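2 protein chains.
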Amino acid sequence: MKLPFETEGVDKIGRSRFAVILIRPDSHENIGLVARAMKNTGFADLRLVGIDGLEPEAWRTAVHAEDILDNARFYPDLAAATKSLHLVFASTARVRKKFAILTFPEALETMLRFPLDTRIGLLFGKERTGLTGEELGSANFIYSIPQAVRQPSYNLASAVLLSLFGLFGRSAEGAFPREEPPLLRRDQDDCVRVILMKLEKTGFIHATNRTHITRKVQDIFGRIALTDKDRKLLMAIFNKSVERVYRPCLPGNQEKD
Amino acid sequence: MKLPFETEGVDKIGRSRFAVILIRPDSHENIGLVARAMKNTGFADLRLVGIDGLEPEAWRTAVHAEDILDNARFYPDLAAATKSLHLVFASTARVRKKFAILTFPEALETMLRFPLDTRIGLLFGKERTGLTGEELGSANFIYSIPQAVRQPSYNLASAVLLSLFGLFGRSAEGAFPREEPPLLRRDQDDCVRVILMKLEKTGFIHATNRTHITRKVQDIFGRIALTDKDRKLLMAIFNKSVERVYRPCLPGNQEKD
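Read top to bottom, the protein sequences are chains A and B.
Counting along the first sequence from 1, when you hit position 31 you're at 38 in this note's numbering, and nothing is skipped either side.
Counting along the second sequence from 1, when you hit position 135 you're at 142 in this note's numbering, and nothing is skipped either side.
Shown next as structure tokens:
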């Protein structure tokens, strides 16, 4: 017998294109609870960064969700885990002065604004410390789940559950994509790297502001969710700016790329 | 520094009037996670039925939510835990043929439809078996949280978290009560007991259908969330029906109540 409102099978948002990425989780109990939350809400792609295998605690808490753990993939670093995705959304419980932060509903709407073949990673940091500035810098969007008190933040598995349930709740309604497809995350990163290189060449970035400006640039261009058209435009703009800076002092400069 | 959308302090639904009731939870790890989920979402009243105290596992998982555990109250049975509340909403993961089940959004809307001084209990059963038929029978409303697969059901603490987050998400918007205040749960139970007694007297309930009809009656009158006016009307109706059945065969019958 089926509940009249059971949503089994209904999936208008393409849940298989979402990956849950945990960076160096301390508690394997939490990994199992994440797997169970994924199973409950119909997501399957679990990616684990910076750990090599699973301890018995993970299997204990992943009641009836062992297949998620069986199929989990392990990556040495974040770039390897996200390179085949298009967009990365990072969850943070703390204020991050250097980054723009979406509200929770904004984040869910943004995820569903992109075409249905956009592969999206949901990124969650370590239990106690969350994501580092560098990790946040390699996400396209950062969001925060509302809470009533500053402390404690949501348990890791709870943050995953609320994020997935938020998406799952919209999966019966369907998504109405409005945006161009973004580049693969790897290609977006390459594009940002080229921009940073150009900014170094123009002297805009130098030894004393490098960290600060790099983060700002990553934040701004990360949020754009760069498309192929965006890349062409940006490359044109930055090539121009490098040319202009270089031309007066280095008339013979070959740098055109 | 505060996140611009932090909802700390905002509470238009009166979160203090909600109690989370766990019946005989097996895992104290889950009790701690429930406390943390309550803290995260701004709820404080935890009631534990059928257990006498807390094990260290509860304190381990209730990170920064120890005050919820400190203030938790222990009850020998469900009636004791709910008697001072007005309404009880029970969460179930299984189909219950004998009971009407609200969808999750319906349940949240229903909770907020009653006046802001309505004290509401959210009832959650044991991890593996959920609530018994009798326990469901003593709730006003039963609801189910949508899930993508039949198995596994949500972890106990996850079901609590999703319920509270659903309410919390509406707490910034505010509630717009439309209904009369219901009787205290104890008085509703008394009213249903009187109705059952009357139905026994008329011969409508007898040995072979007692369990079945009792549940149906509890389900129907539970869902009404009986007000004082309802009680007066029902008592009048059932007194009348008893009189009518009794009069022809027992003209001298003194039963008027």
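Here a beta-carbon is modelled for each residue, glycine too, at the ideal position from N, C-alpha and C.
Remember, it's a predicted structure, so these values are computed and weren't measured experimentally.
Straight-line gap, N147 (chain A) to E116 (chain A) (C-alpha atoms, nearest Å): N147 (chain A) and E116 (chain A) have their C-alpha atoms roughly 14 Å apart.
Have a look at B:D33, B:L40, B:Y150 and B:G137 and flag the residue whose alpha-carbon is nearest the alpha-carbon of A107 (chain B). It is B:Y150.
Suppose only complete runs of 3+ residues qualify. What are the beta strand (DSSP E) ranges in the region 54-110 of chain B, listed by chain order? The region 54-110 of chain B contains these whole beta strand (DSSP E) runs: 80-82 and 94-98.
Please classify I227 (chain B) as buried or exposed, where buried requires at least 16 other C-beta atoms within 10 Å of its C-beta. Exposed, because fewer than 16 other Cβ atoms sit within 10 Å of the Cβ of I227 (chain B).
Within-9 Å CB hit, A72 (chain A) to chain B: For A72 (chain A), at least one C-beta of chain B is nearer than 9 Å to its own C-beta.
Look up A26 (chain A) in the DSSP assignment and give the residues it is bridged to. DSSP output for A26 (chain A) lists A:D52 and A:G128 as bridge partner(s).
Across which residues does DSSP place F148 (chain A) in a beta bridge pair? Bridge partners of F148 (chain A) according to DSSP: A:F96.
Under 7 Å Cβ to Cβ from L40 (chain B), same chain only, skipping five residues before and after it: list those, please. The beta carbon of L40 (chain B) is closer than 7 Å to those of T68 and A164 in its chain, skipping five residues each way along the sequence.
Measure the CB-CB distance between A155 (chain B) and G49 (chain A) and report whether it falls below 9 Å. Their beta carbons are under 9 Å apart, which means A155 (chain B) touches G49 (chain A) by this criterion.
Pop quiz: L190 (chain B) and T125 (chain B) are said to be a contact at Cβ under 8 Å. What is the actual Cβ separation, rounded to whole angstroms? Incorrect: roughly 10 Å between the Cβ atoms, too far for contact.
Residues bridged to K133 (chain A) by DSSP? Partner(s): A:G137.
Would you verify that the beta carbon of G57 (chain B) is, or is not, closer than 9 Å to some beta carbon of chain A? Answer no: the Cβ-Cβ gap between G57 (chain B) and chain A never drops below 9 Å.
S23 (chain B) and A51 (chain B) closer than 9 Å at C-beta: The Cβ-Cβ distance between S23 (chain B) and A51 (chain B) falls below 9 Å.
Here's the rule I'm using: 16 or more other beta-carbon atoms within 10 Å means buried, otherwise exposed. How should P11 (chain B) be labelled? Reliability fails at P11 (chain B), whose pLDDT of 41 lies under 50, so the model's placement of it is uncertain and the value that follows must be treated cautiously. Exposed, because fewer than 16 other Cβ atoms sit within 10 Å of the Cβ of P11 (chain B).
Quick check on E113 (chain B): buried or exposed, where buried means 16 or more other Cβ atoms within 10 Å of its Cβ? Per the 10 Å Cβ criterion, exposed.
For I212 (chain A), which of helix, strand or coil comes out of DSSP? In the structure shown, I212 (chain A) sits in coil (DSSP, three-state: anything other than H, G, I, E or B).
Under 9 Å between the Cβ atoms of F96 (chain B) and L130 (chain B)? The Cβ atoms of F96 (chain B) and L130 (chain B) sit closer than 9 Å to each other.
Roughly how many whole angstroms lie between the Cα atoms of L171 (chain B) and V102 (chain A)? Distance between the alpha carbons of L171 (chain B) and V102 (chain A) is about 23 Å.
Residues that Y161 (chain A) contacts on chain D, provided the C-beta gap is smaller than 7 Å: In the displayed structure, chain D is absent; the protein chains listed are A and B.
Name, please, each residue of chain B whose Cβ falls closer than 9 Å to the Cβ of R43 (chain A). Within 9 Å Cβ-Cβ: P159, Y161, N162 and S165.
What residues in its chain sit with their C-beta under 6 Å from that of I28 (chain B), if we drop five residues either side in the sequence? Its chain contains R54, A88, G128 and L130 as the residues whose beta carbon lies nearer than 6 Å to that of I28 (chain B), once the 5 sequence neighbours on both sides are disregarded; these appear in chain order.
Pairwise C-alpha distance: R200 (chain A) and T99 (chain B): In this model, T99 (chain B) and R200 (chain A) are separated by some 51 Å (Cα to Cα).
Spatial neighbours of P153 (chain A) in its chain, beta-carbon cut-off 7 Å, leaving aside the 5 residues before and after: Once the five neighbours on either side are set aside, the close Cβ partners of P153 (chain A) are F111.
Would you verify that the beta carbon of P4 (chain A) is, or is not, closer than 9 Å to some beta carbon of chain B? With chain A running from 8 to 264 in the structure shown, residue 4 (chain A) is simply not present.
Interface residues of chain B around L40 (chain A) at Cβ under 7 Å? Under the 7 Å cutoff, chain B gives N162.
Looking at the structure shown, is G21 (chain A) part of a helix, part of a strand, or coil, going by DSSP? Three-state DSSP puts G21 (chain A) in coil, outside helix and strand.
So, is K46 (chain B) buried or exposed, given that buried needs 16 or more other C-beta atoms within 10 angstroms? Flag for K46 (chain B) reads buried.
Using 9 Å as the threshold, is the C-beta distance between V56 (chain A) and D18 (chain A) below it? Their beta carbons are not under 9 Å apart, which means V56 (chain A) does not touch D18 (chain A) by this criterion.
Alpha carbon of E187 (chain A) to alpha carbon of G229 (chain A), nearest angstrom: Each residue's alpha carbon lies about 15 Å from the other.
Excluding the five sequence neighbours on either side, which residues of its own chain have a C-beta within less than 8 Å of the C-beta of Y161 (chain B), listed in chain order? Answer for Y161 (chain B): A100, I152, Q154 and L169, listed in chain order.
Against L115 (chain A), what residues of chain B qualify as contacts under a CB-to-CB distance less than 9 Å, listed in chain order? What L115 (chain A) touches in chain B: nothing, since even the nearest Cβ is about 12 Å away.
For a cutoff of 9 Å on Cβ pairs, would you count G176 (chain B) as touching chain A? For G176 (chain B), the nearest beta carbon of chain A is closer than 9 Å to its own beta carbon.
Return the chain-ordered list of same chain residues with a C-beta closer than 6 Å to the C-beta of Q195 (chain B), the five sequence neighbours on each side being excluded. Within the same chain, Q195 (chain B) has close Cβ partners L233.
Along chain A, in chain order, which residues have C-beta atoms closer than 7 Å to that of F172 (chain B)? The answer, in chain order, is L169.
Is the shortest distance between the beta-carbon of T221 (chain B) and the beta-carbons of chain A less than 9 Å? Among the residues facing chain A, T221 (chain B) is not included, as its CB has no counterpart in that chain under 9 Å away.
Any beta-carbon of chain B closer than 9 Å to the one on E207 (chain A)? Residue-level contact by beta carbon fails for E207 (chain A) and chain B, as no gap is shorter than 9 Å.
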